[in-house]
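A.B. asks:
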Amino acid sequence: MSKRCSDAISTDIFLRKRICMVEDRGVDRLSSLSDELLLHILSFLPIRSLISCQRLSHRFHALAGDSELWKRQYYSQWVRPRARRLANVRRSTFPSSKAEYSPKVSTWLDHSHLAGDGKITNWKRQYRLRHNWSKGICRVTEVEFPQYSSPQMLAKFCAGVVITADSNSGLRAWVARNPKSCIARVSFSESQTKTRFVPTALTATRGLNPHLIDIAVGFQSGYISMYNLDLETSQLNLRFTYAGSADGAISAMASSSPYILTVSHHKDLSLYEISSGLNDPGKPGLPKGARLLASLKADNIVAPTSLCIRVAHSEIIASIVYSFFHLGCGWSLGIQELRLDSNGQQLDSRLATTVDSQYNARSLQPLGRYRGGGNLNSGHRSSHSEPFRISSEPTILHQEPPTSISYSHPYLLASHADNTLTMHLVVSTSTGLFVKGGRRLWGHTSSVSAVQVSDRGKAVSVSSRGDEIRIWELETIISSPFGAQKTLKGESSIPISPENKRCERQEGVSIMSGIASFDFKETQLISDGASTKLAQIRGCVGFDDERVLLLREREVGTQLLECYDFT
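First residue of the sequence shown: 460, per my numbering; consecutive thereafter.
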């Protein structure tokens, strides 16, 4: 039988081990390694450890901030999970080759905009941007405009530039990242008659020249003016003005260079092609620079409406979404689609509604039967011919019209006064047009007055007083089971209201920036003595990959432009 060691021997062994551990702790075993080995080691660390390593030394700050490391983290966090989710939606197997990291961004789904020729992407910044969107972390800059007796100001957001239009100040451009000073301005007044034009509609899009923004302004007189904003020289130039509507003000516009879609006050829908040159002749009898491709007279369009124009292959597709009342399911949405070829010849005009999706119809075939509900113009035809399995009672019932509508193919989103949103998917093929996937979205605690959606499935909704702003990832909602508890509880949206961020000032610390994740509000007061009480939101101006812009009014009449920056 072996004897136990005495206490003296055990103590001696323990002290020797402790001394060795202390000596080992003081040895620097990392500095002698090459950068290649350190980068390989760092590639296995989580995000928090990478951020901690950047605080160790200048060398580790550079190594832990290596763009390739963050590119892999970005792929693991955002690209691979989305690919798996879409594979589950399509009920297909996720190939193992797709699960492996690929350094070619062009092979990543919907990331071609980050793989431009000669474009260098800061992947740590890109990761931080996506992280901030997912958590609602942002900064807010406010610009206040003085009160005018003229009609309210219009605003659009395009390519990082805010475009504003009003009859007193004319057309102005502001840089979204620092909206304190106007970079360009053009008056709407005629130099000879001093007549002021009252703008009623505004649209802006990236031009065929990447350094230009094409701007169209519709006026109360029915005229439309085309402008160019040069991003390199910060100059606004008037291209031409033409009579867009002879019997009413322009009430809504949408554009996709070189096409413009307009709706007049008397419900005339017109599609124009804008020539690239200032002096190019148009169609005989029309002003130079604009060619009328198609025009429709609407029978029953009820505001709000949403216009959408896109180019698919060799076709031009112009769409208008409107609301109407249906006896069975209350207020519904109708979509009219006009298809033309590249020469401007009309190919088809189709109509679909959300009535079937409000009845929770499940299609047995790719196309289904049209259930009816409101004519937009004479001569349209339904694209439905196959039967649907339809429930007797509607699952989505609205007794009041929607407060706003936003359509960016294939996503159709409507906001309501009952604190909810309704999401639909528009399916448009060469053989048919129909709407499916009606789903109520919960999360707001008050009436929703404005909503905006992008073609990538990201949406922003705003409450009527602007004190609650939510971000929605519609693609995630679509991939979840119908009626999932996560969607019903509102967990599919992210709140970014200023009140929440002020609370986060004392609580949260952003893992991406190392600073408190609260809202830094920087306000430029252009008029003195303005009331701090907020009035109704006039509309969601827009958003891109980095910012959200809102236009609101104070109770005294001054207008406030808010820029939520997620960078």
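We put the CB at the ideal spot given by N, CA and C, even for glycine.
Below 8 Å between beta carbons: does that hold for THR813 and HIS724?
C.D. replies: Counted from its first residue, the sequence shown places residue 813 at position 354. Counted from its first residue, the sequence shown places residue 724 at position 265. Contact flag unset, no.
A.B. asks: How is SER491 classed by DSSP in three states: helix, strand or coil?
C.D. replies: The sequence position of residue 491 within the sequence shown is 32, counting from 1. SER491: coil per DSSP, three-state reduction.
A.B. asks: What's the C-alpha gap between LYS563 and ILE506?
C.D. replies: Within the sequence shown, numbered from 1, the residue matching residue 563 stands at position 104. Within the sequence shown, numbered from 1, the residue matching residue 506 stands at position 47. Looking at the two C-alpha atoms, the distance is approximately 22 Å.
A.B. asks: Pull up the distance between the alpha-carbon of PHE1025 and that of TRP592, whole angstroms please.
C.D. replies: The sequence position of residue 1025 within the sequence shown is 566, counting from 1. The sequence position of residue 592 within the sequence shown is 133, counting from 1. Looking at the two C-alpha atoms, the distance is approximately 7 Å.
A.B. asks: Residue ranges of each beta strand (DSSP E) run of no fewer than 3 residues wholly in the segment 499-574, ordered along the chain?
C.D. replies: Fully enclosed beta strand (DSSP E) runs of 3 or longer: not present.
A.B. asks: With a threshold of 8 Å between beta carbons, is ALA632 in contact with chain D?
C.D. replies: Here chain D cannot be found, since the structure has a single protein chain.
A.B. asks: From the DSSP output, read off the bridge partner residues of TRP582.
C.D. replies: What you label residue 582 is simply residue 123 of the sequence shown in a count that begins at 1. Bridge partners of TRP582: none, in fact.
A.B. asks: So, with DSSP's three-state summary, where would you put LEU1019?
C.D. replies: Looking up residue 1019 in the sequence shown gives position 560. Of the three classes helix, strand and coil, the one that applies to LEU1019 here is strand, per DSSP.
A.B. asks: Count the other C-beta atoms from every protein chain shown that fall within 10 angstroms of the C-beta of GLU527, then say buried if there are 16 or more, exposed otherwise.
C.D. replies: Here residue 527 refers to the residue found at position 68 of the sequence shown. Its Cβ having fewer than 16 others within 10 Å, GLU527 is exposed.
A.B. asks: Could you give the C-beta distance for LEU522 and LEU501, rounded to a whole number, given that I count them as a contact under 8 Å?
C.D. replies: For the purposes of this step, residue 522 is taken as residue 63 along the sequence shown, with counting starting at 1. For the purposes of this step, residue 501 is taken as residue 42 along the sequence shown, with counting starting at 1. A Cβ-Cβ separation of about 6 Å places LEU522 in contact with LEU501 under the 8 Å criterion.
A.B. asks: Please report how far the alpha carbon of LEU806 lies from the alpha carbon of MET712, in whole angstroms.
C.D. replies: One-based indexing of the sequence shown puts residue 806 at position 347. One-based indexing of the sequence shown puts residue 712 at position 253. Cα to Cα, LEU806 sits roughly 22 Å from MET712.
A.B. asks: Let me confirm a value: THR904 is counted as buried when at least 16 other C-beta atoms fall within 10 Å, else exposed. Which label applies?
C.D. replies: Numbered from its first residue, the sequence shown carries residue 904 at position 445. Flag for THR904 reads exposed.
A.B. asks: Since GLN817 is in the alpha helix (DSSP H), which residue starts that stretch and which ends it?
C.D. replies: As a first step, residue 817 must be located in the sequence shown, where it is residue number 358. Note, GLN817: alpha helix (DSSP H), 814-817.
A.B. asks: Pop quiz: LEU880 and VAL919 are said to be a contact at Cβ under 8 Å. What is the actual Cβ separation, rounded to whole angstroms?
C.D. replies: The count along the sequence shown starts at 1 and reaches residue 880 at position 421. The count along the sequence shown starts at 1 and reaches residue 919 at position 460. Actually they are not in contact, since the Cβ atoms of LEU880 and VAL919 sit about 11 Å apart, beyond 8 Å.
A.B. asks: Quick check: the Cα distance between VAL1000 and CYS512, rounded to an integer number of angstroms?
C.D. replies: Counting from one through the sequence shown, the residue named residue 1000 turns up at place 541. Counting from one through the sequence shown, the residue named residue 512 turns up at place 53. Cα to Cα, VAL1000 sits roughly 40 Å from CYS512.
A.B. asks: Let's test the definition: count the other Cβ atoms within 10 Å of the Cβ of GLN585 and tell me whether it reaches 16, buried, or not, exposed.
C.D. replies: Translated into positions along the sequence shown, residue 585 becomes position 126. Here GLN585 is buried: its Cβ has 16 or more other Cβ atoms, across all protein chains shown, within 10 Å.
A.B. asks: Return the Cβ separation of SER778 and ILE794 in integer angstroms, given the expectation that the two are a contact with Cβ distance under 8 Å.
C.D. replies: Translated into the one-based positions of the sequence shown, residue 778 becomes position 319. Translated into the one-based positions of the sequence shown, residue 794 becomes position 335. 6 Å between Cβ atoms; contact.
A.B. asks: Between which two residues does the beta strand (DSSP E) harbouring THR890 extend?
C.D. replies: Here the question's residue 890 lines up with position 431 in the sequence shown. It is not in any beta strand (DSSP E) - THR890 carries neither H nor E in the DSSP assignment.
A.B. asks: Give the straight-line distance between the Cα atoms of GLY524 and GLN536, rounded to the nearest whole angstrom.
C.D. replies: Position 65 of the sequence shown, counted from the first residue, corresponds to residue 524. Position 77 of the sequence shown, counted from the first residue, corresponds to residue 536. The alpha-carbon atoms of GLY524 and GLN536 are separated by roughly 17 Å.
A.B. asks: GLN694 and ALA643 look like a contact to me (Cβ under 8 Å); what is the Cβ gap, rounded to whole Å?
C.D. replies: The sequence position of residue 694 within the sequence shown is 235, counting from 1. The sequence position of residue 643 within the sequence shown is 184, counting from 1. A Cβ-Cβ distance of about 6 Å is found for the pair GLN694 and ALA643, placing them in contact under the 8 Å criterion.
A.B. asks: Using the Cβ count rule (16 or more neighbours within 10 Å means buried), how would you classify ARG518?
C.D. replies: Position 59 of the sequence shown, counted from the first residue, corresponds to residue 518. ARG518 comes out exposed.
A.B. asks: Are the beta-carbon atoms of GLY619 and VAL602 separated by less than 8 Å?
C.D. replies: On the sequence shown, residue 619 is found 160 positions in, with the first residue counted as 1. On the sequence shown, residue 602 is found 143 positions in, with the first residue counted as 1. No, Cβ-Cβ distance for GLY619 and VAL602 is not below 8 Å.
A.B. asks: Leaving out the 5 sequence neighbours to the left and right, which residues in its chain are closer than 8 Å to VAL538 when beta-carbon positions are compared?
C.D. replies: As a first step, residue 538 must be located in the sequence shown, where it is residue number 79. Once the five neighbours on either side are set aside, the close Cβ partners of VAL538 are TRP567, LEU568 and HIS570.
A.B. asks: Run through DSSP, which three-state label would ILE937 get?
C.D. replies: Within the sequence shown, residue 937 is the residue found at index 478, counting from 1. Note: ILE937 maps to helix in three-state DSSP.
A.B. asks: Would you mind reading off the limits of the beta strand (DSSP E) that contains PHE783?
C.D. replies: Position 324 of the sequence shown, counting from 1, holds the residue named residue 783. For PHE783, the enclosing beta strand (DSSP E) has its first and last residue at 774-785.
A.B. asks: Where SER923 and SER640 are concerned, what is the direct C-alpha to C-alpha distance, given to the nearest angstrom?
C.D. replies: Along the sequence shown, one-based indexing puts residue 923 at 464. Along the sequence shown, one-based indexing puts residue 640 at 181. Spanning the two alpha carbons is a distance of roughly 28 Å.
A.B. asks: Around the Cβ of ARG514, are there at least 16 other Cβ atoms within 10 angstroms (buried) or fewer (exposed)?
C.D. replies: In the sequence shown, residue 514 corresponds to position 55, counting from 1. ARG514 should be labelled exposed.
A.B. asks: For ARG598, report the span of its beta strand (DSSP E) as first-last.
C.D. replies: Numbered from 1 along the sequence shown, position 139 holds the residue referred to as residue 598. Run containing ARG598: 598-604, per the beta strand (DSSP E) assignment.
A.B. asks: Taking Cβ to Cβ, would you say HIS875 is nearer than 8 Å to THR862?
C.D. replies: Here residue 875 corresponds to residue number 416 of the sequence shown, with the count starting at 1. Here residue 862 corresponds to residue number 403 of the sequence shown, with the count starting at 1. Between HIS875 and THR862, the C-beta gap is smaller than 8 Å, which places the two residues in contact.
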